[in-house]
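Engineer:
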Amino acid sequence: MEATTAIVLDKWHPKADNTCRVSLRVTFQRERRYYKTKYTLTEIDFNKAMGEKPRGEYKDLQLQLLKYEEKAREVIDKIPFFTWEAFEKKYLQNRGATDTVSLAYDDKIKLLTEAGRIGYAVNFECAQGSLNRFNPNLKFADITPELLEKYERSMLELGNSKTTISMYLRTLRTLFNDAIHAGDIVPELYPFRKNERDVKKYQIPEARNIKKALKMSEIAKIFNYKAKAGSYREMAKDYWIFIYLSNGINVKDLCRLRFENISGKVLTYTRAKTSRQKTAKQIQVILRPESLAIIKKWGNKKKDNKTFVFPVLTGKETPEKERQLVQQLTRVINDNMRKIAEELEINQSTTSYAARHSFATILKRSGANNTLISELLGHSNLKTTQSYLDSFEKDYLEEQTNALTDFSSLK
């Protein structure tokens, strides 16, 4: 009995947008097995594409879908005696190697958007656009360490930073890992360096942002700054102070706080960034009198434990709308804090992120160890915390080495 093949629509597992995965179905001795393609379509679009005389884009789509079946038929014809093991060994090997990278980005962006991970999806969209400009027909099989080096040089010549290159190529590395995990490509095609022994592989740049924390004297100036009552500057200053005093909480987490997160003077929350991780840690903050006063001044009136602490979100927003509102508040804080810094003659960055970094650095200066700081920041590993503290350690080292030529005490 010969194995048969067909391109079918998996209508039993529809996605949130009513599209379904297009699959290759192989049947042998009444047993059916399904192999996913990269395509998801509505039933109407699938029927148009697989009709007798498709037109335009549907004709092109049919040709792409039939390639999956053609490859399966080629494998089946070359197997003397059909077995599932023999078929899958040949069919699944590198089946994704000739898929375009842009198509893989489309799938990933769609999954992230459906999961509400809008910020992460935007990162993938930016990376996709960059790689498409570099090579619009780039396939997984084309990506070698040499090509990645060429891409990096091209990006640098265009004026992009190593931080941007790193961000874009980490998304590409994620797609490679996904494809290998799914069995679409073999591990041997992996072009990225995993360890120091992989000298022939490509190393993603690890450019670090130079993070400069504010000095205690500069933070004191911000605390003592008198803004016009009810003004955006007053609000920005108070939110900045709340962030600084609350373990450097980021703006998204601040916006998501509800009164159920507060018990007496203790604020407990989980970072949105790590909430999907099985090992996500809860962060505890001791609310100082200044923080409680800020909640009283700018916060919502508590109706129940589900009430948001601050009047930014309602809980009815789509993920896209939530991101817009968080970004809007971030801009208000950063723009007004920049103006305050100019007035106070503070030359360092005073963004909401600077408040987070200042929190970590001031703790380090007070003698706290990295493990404690990592826990308070909600970092998943000490390596991330160390990147926060590197600039402090360089500044501290400079201060200490200045003593080598400090001869003032001899006078």
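The sequence shown begins at 0 in numbering that gives the first Met the number 0 and counts up one residue at a time. We put the beta carbon where it would ideally sit given N, CA and C, even for glycine.
#1: I think residue 136 touches residue 99, with their Cβ atoms under 8 Å apart; what is that distance to the nearest whole Å?
#2: Considering residue 74, what are the terminal residues of the alpha helix (DSSP H) in which it resides?
#3: Where do the ends of the alpha helix (DSSP H) carrying residue 145 lie?
#4: By how many angstroms is the C-alpha of residue 131 removed from the C-alpha of residue 33?
#5: Residue 345: beta carbon under 7 Å from a heavy atom of the ligand FAD?
#6: Taking all protein chains shown into account, do 16 or more other C-beta atoms lie within 10 angstroms of the C-beta of residue 190, making it buried, or fewer, making it exposed?
#7: Output the boundary residues of the alpha helix (DSSP H) element that contains residue 311.
#8: Is it buried or exposed, residue 12, if we count other Cβ atoms within 10 angstroms and call 16 or more buried?
#9: In the DSSP assignment, the beta strand (DSSP E) including residue 175 goes from what residue to what residue?
#10: Give me, in chain order, the residues of the same chain whose beta-carbon lies closer than 7 Å to that of residue 354; leave out the 5 immediate sequence neighbours on both sides.
#11: Whole angstroms are fine: how far does the CA of residue 197 sit from the CA of residue 263?
#12: Whose C-beta lies closer than 7 Å to the C-beta of residue 287 among residues of the same chain, with five residues either side of it excluded?
#13: In angstroms, rounded to a whole number, what distance separates the CA positions of residue 39 and residue 20?
#14: Taking the straight line between their C-alpha atoms, what separation do you get for residue 77 and residue 23?
#15: Terminal residues of the continuous beta strand (DSSP E) containing residue 285?
#16: For residue 328, which residues of its own chain have a beta-carbon under 7 Å away from its beta-carbon, when the five flanking residues on both sides are left out?
#17: What's the C-alpha gap between residue 342 and residue 176?
#18: Let me know if residue 285 comes out buried or exposed under the rule of 16 or more other beta-carbons within 10 Å of its beta-carbon.
#19: Quick one: what's got a C-beta closer than 8 Å to residue 85's C-beta in the same chain, skipping five residues either side?
#20: Quick one: what's got a C-beta closer than 6 Å to residue 349's C-beta in the same chain, skipping five residues either side?
#21: Three-state secondary structure (DSSP) at residue 8?
#22: When you compare the CB positions of residue 221 and residue 236, do they come within less than 8 Å of one another, or not?
#23: Determine the closest residue to residue 30 out of 205, 82 and 227, with distance taken between C-alpha atoms.
#24: Between the alpha carbons of residue 267 and residue 201, how many angstroms are there, rounded?
#25: Buried or exposed: residue 180, going by 16 or more other Cβ atoms within 10 Å of its Cβ?
#26: Leaving out the 5 sequence neighbours to the left and right, which residues in its chain are closer than 6 Å to residue 290 when beta-carbon positions are compared?
#27: Over the uninterrupted beta strand (DSSP E) stretch that includes residue 133, give me the two end residues.
#28: In its own chain, which residues sit with a C-beta less than 6 Å from the C-beta of residue 143, not counting the 5 before and 5 after it?
#29: What three-state label does DSSP hand residue 231 in the structure shown?
#30: Taking the straight line between their C-alpha atoms, what separation do you get for residue 68 and residue 164?
Structural biologist: Quick answer:
#1: 6 Å
#2: 56-77
#3: 144-156
#4: 31 Å
#5: You won't find the ligand FAD in this model; it holds no ligand whatsoever.
#6: buried
#7: Unbroken run through residue 311: none, as it is neither H nor E.
#8: exposed
#9: Where residue 175 is concerned, there is no enclosing beta strand (DSSP E), although the alpha helix (DSSP H) it sits in stretches over 161-180.
#10: 239, 242, 243 and 247
#11: 53 Å
#12: 244
#13: 4 Å
#14: 18 Å
#15: 281-285
#16: 250, 254 and 311
#17: 49 Å
#18: exposed
#19: 78
#20: 336 and 340
#21: strand
#22: yes
#23: 82
#24: 41 Å
#25: exposed
#26: 241 and 244
#27: From DSSP, residue 133 is part of no beta strand (DSSP E) but of the alpha helix (DSSP H) over 117-133.
#28: 190
#29: helix
#30: 37 Å
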